[in-house]
Every structure is written in structure tokens, then in C-alpha cells.
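Data first, discussion second: the structure below is written as C-alpha cells.
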Amino acid sequence: MRNSLVLFLFCVQIVCAQQYSFRQYTTAEGLPNNAIRVLFVDSRGLLWVGTENGLSKMENGSFRSFFESDGLAFNSCWAIGEDYLNQMWFGSYGGGLTLFDGKSFQVFNSQNGLIDDRIRQLYAYQDKMLVGTENGISIIHIEERRIESVPETQRDEGTNYTSGFFEAGERLFYTTYRHGLYEILFSESGTEVKKIHDHKPIYAIGHFDQKVYTSNKGHVDLFDVENFISAQPEPISFGQSVVWSYLKGPEETVFAASWGIYRQDGGLFVLSGSRFAPFERHLGLKAKNFISGTFDSLTKTLYLGSNDRGMYSIKLDERILFEGERNSEVKGFSGKDELGAILYSDGISLLEASKFLSSSDFKQAQTRFLRNLPFPIPNHEDDFFELDYDTHAEDVVFYQIHKIAGLYWVNTNIGIFGLAASGEFKLYLPVHTYVIGSSPEDKLISSNPYGGMRIYDDPGNFKFRYFSPKDPQTPTQLAGIVHSDSASYFVSVFSGLYDLRVDSGLRSFLHEKIWTENKFKSVHLGQDGLLYMGAEFGDLYILDLNEGFEIVDKVPKSQLIGNGIVFIETYGDAVLIGTEVGLNIYSKGTVRFFDKEQGLGAGLITSGKVIGEVLYVGYDMGYYKIQLPELLEEKEYEFTFDVNELMVNNSLYGEEKILWFSYEAEKILLKNREKTISIDFKPVGHPYPQKLRYRYRLTPEDTWSAEFSESKITLASLSYGEYQLEIETLDLHSGKRSATVLLDFSIASPVYFRWWFLLGVFLLLALVTYTAFRWRLQQVRRQAVIREKIVQTKLEALRSQMNPHFIFNAVNSIQYYILGNQGDEALDFLGKFSKLMRNTLENSVRPQVRLSREVDYLSNYVELENKRVNNKVNFKMEIPVEIDPDNLYIPSMLVQPFVENVFVHAFEPGQTDPQLIISFSVPDEGMIYCAVWDNGKGIQAKKKESIYKSRGMDLVRERLALLPGYKEESIRVISVENKGTEIIIRIPCFFK
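With the working numbering applied, the sequence shown covers 23 to 1014.
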């Protein structure tokens, strides 16, 4: 296998257009600097990139950089190594050595024993890390983290830098720039070195099996190992430039990354024996100054570092090779068992004749044919698509290529040309058409988008069968033509599918109502006899038309990557579907996808065709050859997931649990307030991480989320409970699905759900209930006392209103009317008196009465009292219009005692024009003010004090005190001697 690969790498120079795909990374993609001093792939699959200004880690296509501020000894990183504990060591040029154990950095430099801070080489040997510097070597004892320097290794400054370490059997050696080869000897007394020979110069060294390569100025020196470690080595010198890094590639292939320093003769080379062959011309690389490199065997990727253009990655995958014969768009391929011709946007390449015919050649051929046409030039009136004979060569447009009846037929905007494999133009049809094809009889078919279709029985004499567009069965606006042994099939952009069978005429499936799907962009007839059709909006239909009409399968656009189908091909049971962004492979209900990550191009796909076991994929710049048996071989990669960043409530969580950029915790325990989680995760062990699509669920009972491609999940406003974040992965490379648990975590329940909190709440409720019961009991008792007091005050009020003196005077008045033979007056007075008594008794048992009832009661009382004094008192009752007395309620029997006082005390016997006014107002919400005013003699100073102590007022005040809103000023007395008195009562009220 090794010999076959090396042979292939050298033979590929013969067909110099074949290229591996590559990608360039610079500071624009995230590198800290474009001078790449060292490259190293560690045991975890991480690519470490040492630059002149910082260290980077590349994982899954993304960079993370480290600097002195992160803990590096110095930003200029020239050497990288990994020890037996899988710890990483980074050698700087000028600042010493840095150890990274997965969590933190530790610096070793000349201040703590390092022989020189300018480090050139690192080499892991057993439990030691060997440090080769600009002048001398040091040995790091890893477990003890102890530095042992070897002073005798220091020699002339500037010519003694360590250029490499290697092992031969059980012996250990190191090489220097201009002081030759030394053996390193370990003993209990210390480390010694022994000089072997003085071969020089040695810029770098490569040791592979039994061969040693050393870099000389302008060539490579090759030795057998035993020869090189002898006292008189005899090299075989060959090659060019200065090699700075020797790389072991796939199947023991050896690459050399070189930079000529003062000469532009560097680049990438392949070493085989004493042969030194340039490799970069097969890659299209322009760089000539490679100074570092490494090979990732998992992804078959070669990484190269330049001194000013960043890093290059080259996919060494023989299944996919780029052909860069011409930097122009590939329109189509032709061939059956082998590729015979390639149609480009600027001409056709005929491989058998090794000839390229440009648009100028086609224009010249048109001119020659037009001079000697054996038939009249067709015109637009005869339903031929318009053709401009004055089109210049640079304006020629190529559409398609088909091999029909032994000729390559190419349709262009200046006509249809028939070419022999030798490159000779055999036939020319002055017909402009976008789409051509052939019939089962291998006859040329052309289509006018609007003017029907022609099948040429004798194209040399322009003899054809014409199918008019007036016939609804005639295909129009065609996108493609294919044929089987018995029928031709046509797909249209607007009118669906047609067929033409040998034993019948044309048939439109849309017109015949067989199938209503009407918009197609591509078509392919498989070897299985099935018809594969790409719809305009991306769906793929698979039809069986051998016996009737059957839709065998449909692949919806949602399963395919890309917006539209460019081509459809088949190989075995695989359907190859080219979209503008990559290759979809459909087989047994599963879709796989290939693009630039697996080695295809980064441009737009324009065409594709299977020839033999090779799929040719055309791009806007060149084409790719894909070996289908190897590509279709199903391979599942075992990979896992790591959580590399966990944000909780927008803050980094558990930084102390991160080891080697991943969380080590088995389960995350979160507090109840920590309800928003953002998880960055990464696939580990998959060579094509960008082909992974994810969906997740939080519990086995949940439904899966929608699919997404970014390896990040944000969970917001989670409730408390146990969670098991499960990820289902769709691997587009293999088409397989798998599920794994990404993270176990729990969110604590709220405090009010904890047992101790519930117990406390229960005890508190019990205490509150007991306290409330005691308080309510006291309230009931207090209210009982109040009710008893209210009853007593009402009885006293009743007794005060049923004043014996008033009753005696009323009875005397009735007697007076009777004795005076004033029977009507007596009866009237008696009726009013009895009504007053009845109202008094009724109101005494009602806590509240309507204001209108209280007003009637007071009016009745005033009328009786006034009648006794011959109606001398002018009485007025004032109620504002904004007060509705029928809906306003007040406590009963509060005003009458004050009205009674007016008649008893206010007026002298001889007072002229006595007046009494009772008025109501509502200045405050929930309160009504009642004012009792008279213009009597007023209250004398000595009597003023006694009125506050009168029993009637005390009873009213006691009743008001039992009602809400009581204040000291709820009863106010305003009196001026000889001018009258006004008493204002503030009474609670409400509406019903």
C-alpha cells in the first residue's frame, strides 16, 4: 500500500492538473499571527499552532488563542511537545518553557535552572521532556517538575542550536546546527553527552524507520540510521532549498516543508528514497516558505505553517481529487466508461486528442460551415429560436454536451456543433437551443423554448421531424432530455413531464391528467430503469414508467442540503444529488452530505456526471473526481461530546471543574434561582464536526426540539426538578442518527417546598389560627358588650325622646282642643302625635333608617311642638339636591334631642320671629353633616358648660362613639348670646 501511494504521488505529476483540496488560515480566521513556527496534533486530536505572537488551539475548525496574559512564558512559540502524562509543553524563543496540565500554566525559565530561554526543540522521552535551546539542552523530570541542565552542551553562541532529537534502538541522540551529532547518556550520577561526529550543517532532522534525513543548505542529506550514528557518516545528497520540517504522511509517505531563506526555491516536497519531488504545484499553493508542519491521521489532513502567510490544511484524500486544468466554469462532461470530453464556459476539452477548442475555434468553424451549407439557413418564422450570426467569439455561450451517434454534440448561442473525438468539426446546425438530447435510436433532439421540438433523422442535410407547439402534447420550455431503449423523456420548467415512445406519439402527463406536478429543473434515467426528477423547488421524485405510472419515492427538499438540484446521477442503489453547495447521497431512505469539509470545493457546483466508477463534479472553477466505491463505503465514527462552557444566569459556572477545556463534573447541582442555562458543547473524535446536526430534549418524556447545527443550547426559565439533557445527533457524513446524554443537572426546589419550611409554615399557621381564634373570641365578646351598650343607649334615647314633659304637654294640648270644642284640631293633633309615637318605637329597633324617614320624623316632631306654641316658630328643612334621601341611610334618633332643646330652651316668651332651620350636607365621603340652628337667646356662659354635660348630648355622643369615623368634633356647639345657637352633628352614612 505504501509503495502504491508513493507511486501515485509521483505519477500524479504526469497528470499535473490533479489536485488535493486545501484551505488557508490567517489572522482573518482567528490566528494570532501569520508566522507559524510549529504545528502539533496531540493525543486528544487538538491542533496546536505556535506563532511568533501567541499560541492557538484549533478544534472543530475554530481557534482559541493564548498569550502571556493567560500564563504563557512568552508569546513567541517555537516548539511544542506532549509528555507521557498527556500534558502539553510549549517552548518560546526568549521566555523559556510553559507546562499546561489541562487547568493552568506553569513557567520554567533560566531563573529556575533552564539552560537557555530560547527554545528550539522539545522531545518527550520516557518520563522526561528534553529541551533543546539556542545553546545547550535541559532535561525536565516530569513527575518532580525538576529542571536538570547539562552545561557541557553549551558551546559557541549562534552555531550550537539544537536542531532535533531522535532514538535509535535504546540510544538517544540530538543534533546541532554546526556542531554535529551527540548521544545523551543517563546515569545515577547525572546526564552526560558524547560526541559522535561533526556532520554539519543540520538545520532540521527527520527520522523515519531506518532512514535519517538532515537539512543542509540547498539540499537534503540522506543516511541509513546505522550509518548516521557512526563516526564517519556518508550521506546521499539530493533535493533543493532548506527543509525545516519532515512530516510522516499517510502510508509512510514523507513530506518536506522547506524555505530557501535567500532563494525562492522552497515549498512542499515528497521524499522517496533519494527523489525530491515538488508537491505544491499539484495543490495550487503559491507559498514557497514553509517552516513547520504536522499530519493528522484521523482526518488525513496535512497542516503546513508558513513564515508570513499563515497555515494551510491539505486533505490527503485520494477519493476526492481536484482537476484544475482550466480556471473556468465546467458546463458538462461526456463519456461512458472513461471521461472523453469536458465542456467549459470558454470551450471544450477533448481528452483523447489532448486538445482544447476555444470559443474562437467554434466561431471559426461556424464561419466555415455557413459558406458551404447544403441547405437554406433556417429563419425565425419557421419556429426556430433566434440566432445572431454577428455574435463575436468572446460572446459565445456554451450550454450542453452529449455524445450522440459517435459525435460530441455541443449546443451554443451560435448553433449546434458535432465534433469527432479528434477535435474535427464534423457537422453544424444553425439552430439556437438551450437543451439537446437523443432518442432511443441515437438521433439528435433539439427544442425551441417556444417553437416546438425537432428530431433529426439526417442532421447533415437538415432533415428532421417537427412537432408543433400548437399540439398540447408537444414539450416546451424544456430543462432536460433522457432516453431508455424504448422511450425518450422530457421535463419542462412549466409544463411537467412528457414522453415519446417508439411505438406511440408524444404524451403530456399534465395534459392527460396523469400527473399534475409541472415544474422541473433536472432529470436522470438510472440503470434500474427508474426516472429521477428534480423539481424546481428542490424535491426529488423517483418514478417507475415501465408499466404505467408509479411514484416510487419522494425525497423532500427538507431532507436535502442546498436550495436547488443542479444534477442527478445514480451509482448502484445510491442517488447522487448535486446542489449548489455540495453532494447529497440518497440511499435506503438515508441522506448523506459531502462538501468542502470532506474535500470538495468551496465554490458553486454547476454540473455532474457518473462515468464508470467516478463521479465528476463541475464547479465555477474546475472540477473534482470522486472515486465512488470508496466514497460510498459506509463508515460510522465513534465520537463523544464534551461540555466546554457552561453559563448559568449569564455567568460562567464551575470554572474549577474544567479540565482540558471540558467540564469534568458528572452532575451539576443548581440553586433554585439558577434557572437560565447556556451550554456550549463540542463533538470529540469526529473528523467532520460540521456535518453534525442536533436536537435535544430535557427528559425522556419530552418531545425532541427542532434540529440545529450550532453546538450551543440555551435553556431559559426552567422550573425546579431533575433534568437529563439528551442530544440526538444526525451525522450527515454517514447518514446515521445516535443519541447520548450530554449533561445531568438538577435545579433545587423553592424554599417553600422544603420539609422544614413546610413544617414551619404549618406551625406558623397553627399559631396564627390560634391567635386569630383568640382575637375573634375577644372581638365577639367586645361586640356583645357594644351591642348591649347600644341597646341601653337606644333605650335611654327612647326614654329621652319619650320625655314625660313632652307627653304631658301633648296630652294637655289635646285636652285643650277638646274642651274648646275644637274637635278637628284635637283629632289632627292626636293623629300626628300617635304617628310620632309609632315612628319613635319603630326607629328604636332599626340601626339605620332612610334620611327621608328621619326627615319626616323630625318634621312631624317640630310640627307638634310648634302647634303647642301656636305655630310661632318659623321652621325650615334644607336638603341639597345632590343628596338622594331615599337611598341615603343614617343611624336613627340622633338629631331629635337637639331639636327638642330648641323648643325647650332657645326662645323667650316674648321673642319675635323665632326661627328653626335643620339642614343636611355631605362634605366628606361616608359622612353627613346635620346642622340645627335657631335665632334664640343663645347659651349663656354658665349654661354653656352644662350643655356639654347634658344627658341627651351624652347619649348621642355615646352612640356616635360606637360608630365608625367618630371624632371629638363629631358634635360641635356654636352659640352667641342673644343671637342664637347652631349644633353640627357629624353622622356616618352609606348608600343602598
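Think of the CB as a built atom: it goes at the ideal place given N, C-alpha and C, for glycine as much as any other residue.
Test item: CB-CB of residue i and residue j under 8 Å
| i | j | result |
| --- | --- | --- |
| Y742 | L650 | no |
| Y196 | R142 | no |
| N470 | D383 | no |
| M949 | I1007 | no |
| G315 | L307 | no |
| I336 | Y42 | yes |
| F312 | A299 | no |
| K576 | L567 | no |
| R341 | L720 | no |
| T1003 | G958 | yes |
| S771 | N694 | yes |
| A509 | D464 | no |
| I258 | S296 | yes |
| Y645 | V352 | yes |
| I164 | L107 | yes |
| K125 | L681 | yes |
| V234 | F260 | no |
| A57 | E74 | yes |
| G240 | K222 | no |
| V665 | I699 | no |
| L626 | E591 | no |
Option nearest residue i by Cα separation, candidates the options
| i | options | result |
| --- | --- | --- |
| K947 | N157, G987, Y115 | The sequence shown places Glu at residue 947, rather than the Lys named in the question. E947 has its Cα closest to that of G987, out of N157, G987, Y115. |
| D231 | E248, E885, A279 | E248 |
| S733 | R776, E667, K693 | E667 |
| V513 | G548, V457, P902 | V457 |
| V574 | D246, I590, G551 | G551 |
| G634 | S580, G357, A557, Y792 | G357 |
| G52 | M475, G83, L68 | G83 |
| H424 | E558, T413, I438 | I438 |
| E166 | V172, F130, E900, I258 | F130 |
| T175 | A190, E156, E189, F188 | E156 |
| D899 | N909, N882, D908, N892 | Contrary to the premise, residue 899 reads as Met rather than Asp in this sequence. Closest by alpha carbon: N882. |
| F531 | K894, K541, V524 | K541 |
| L910 | F1012, Y951, Q581 | F1012 |
| L338 | I607, F122, V276 | V276 |
| G586 | F571, L565, S544 | S544 |
| S319 | E847, S381, V63 | V63 |
| S751 | T498, Y745, S760 | The residue asked about is misnamed: residue 751 is Thr in this sequence, not Ser. Per the Cα distances, S760. |
Whole-Å CB distance - residue i paired with residue j, under 8 Å assumed
| i | j | result |
| --- | --- | --- |
| G72 | W100 | 6 Å |
| Y185 | I161 | It is worth fixing the name first, because residue 185 is Ser in this sequence and not Tyr. Contact flag wrong, Cβ pair sits at about 18 Å. |
| I391 | Y450 | According to the sequence displayed, residue 391 carries Phe and not Ile. That pair is a contact at about 4 Å. |
| K310 | G288 | 4 Å |
| Y879 | N865 | 7 Å |
| S490 | I477 | Incorrect: roughly 13 Å between the Cβ atoms, too far for contact. |
| P936 | Q870 | Going by Cβ atoms, the distance from P936 to Q870 rounds to 32 Å, so no, they are not a contact pair. |
| D956 | A928 | 4 Å |
| Y716 | E748 | That pair is no contact at about 11 Å. |
| V16 | P400 | With the chain covering 23 to 1014 only, the question about residue 16 has no answer from this structure. |
| K689 | D766 | 4 Å |
| L582 | L637 | The pair is not a contact, with the Cβ atoms about 17 Å apart (cut-off 8 Å). |
Any non-hydrogen atom of the ligand GDP closer than 7 Å to residue i Cβ
| i | result |
| --- | --- |
| G118 | Inclusion of the ligand GDP in the displayed structure is not the case, the ligand content being empty and no account of it being possible. |
My parser needs the beta strand (DSSP E) runs of 3 or more residues fully inside the stretch 393 to 426; what are they?
Entirely contained in the stretch 393 to 426, the beta strand (DSSP E) runs reaching 3 residues are, in chain order, 420 to 426.
Please give me, in chain order, every unbroken run of the alpha helix (DSSP H) with length at least 4 that falls completely inside the stretch 660 to 687.
none
Three or more C-beta pairs under 8 Å: does that hold for the stretch 754 to 766 against the stretch 697 to 711?
Enough Cβ pairs lie closer than 8 Å, so yes.
Taking 8 Å as the cut-off, does the stretch 132 to 141 touch the stretch 82 to 90 (at least 3 CB pairs, one atom from each stretch)?
no
Under 8 Å: do the stretch 368 to 383 and the stretch 405 to 422 share three or more Cβ pairs, one atom per stretch?
yes
Report yes or no: do the stretch 137 to 157 and the stretch 107 to 126 share at least 3 C-beta pairs separated by less than 8 Å?
yes
Could you tell me which uninterrupted alpha helix (DSSP H) segments, each at least 4 residues in length, are contained entirely in the stretch 81 to 168, listed from first to last along the chain?
none
For the stretch 584 to 661, which segments carrying the alpha helix (DSSP H) assignment without a break, of at least 4 residues, lie completely within its bounds, in sequence order?
The stretch 584 to 661 is shown to contain whole alpha helix (DSSP H) runs of 4 or more residues at 650 to 654, in chain order.
Run through the stretch 485 to 547 for me and flag every whole beta strand (DSSP E) of 3 or more residues, listed as ranges in chain order.
With a minimum length of 3 residues, the continuous beta strand (DSSP E) runs that stay inside the stretch 485 to 547 are 485 to 489, 500 to 505, 509 to 514, 518 to 523, 528 to 530, 542 to 547.
Give, in chain order, every unbroken run of the beta strand (DSSP E) that is at least 3 residues long and sits entirely within the stretch 175 to 261.
184 to 190, 193 to 198, 203 to 209, 212 to 219, 227 to 230, 233 to 238, 241 to 246, 258 to 260
Quick check for students: name the residue ranges of the beta strand (DSSP E) that lie wholly in the stretch 730 to 786, counting only runs of 3 or more.
734 to 737, 743 to 753, 758 to 769
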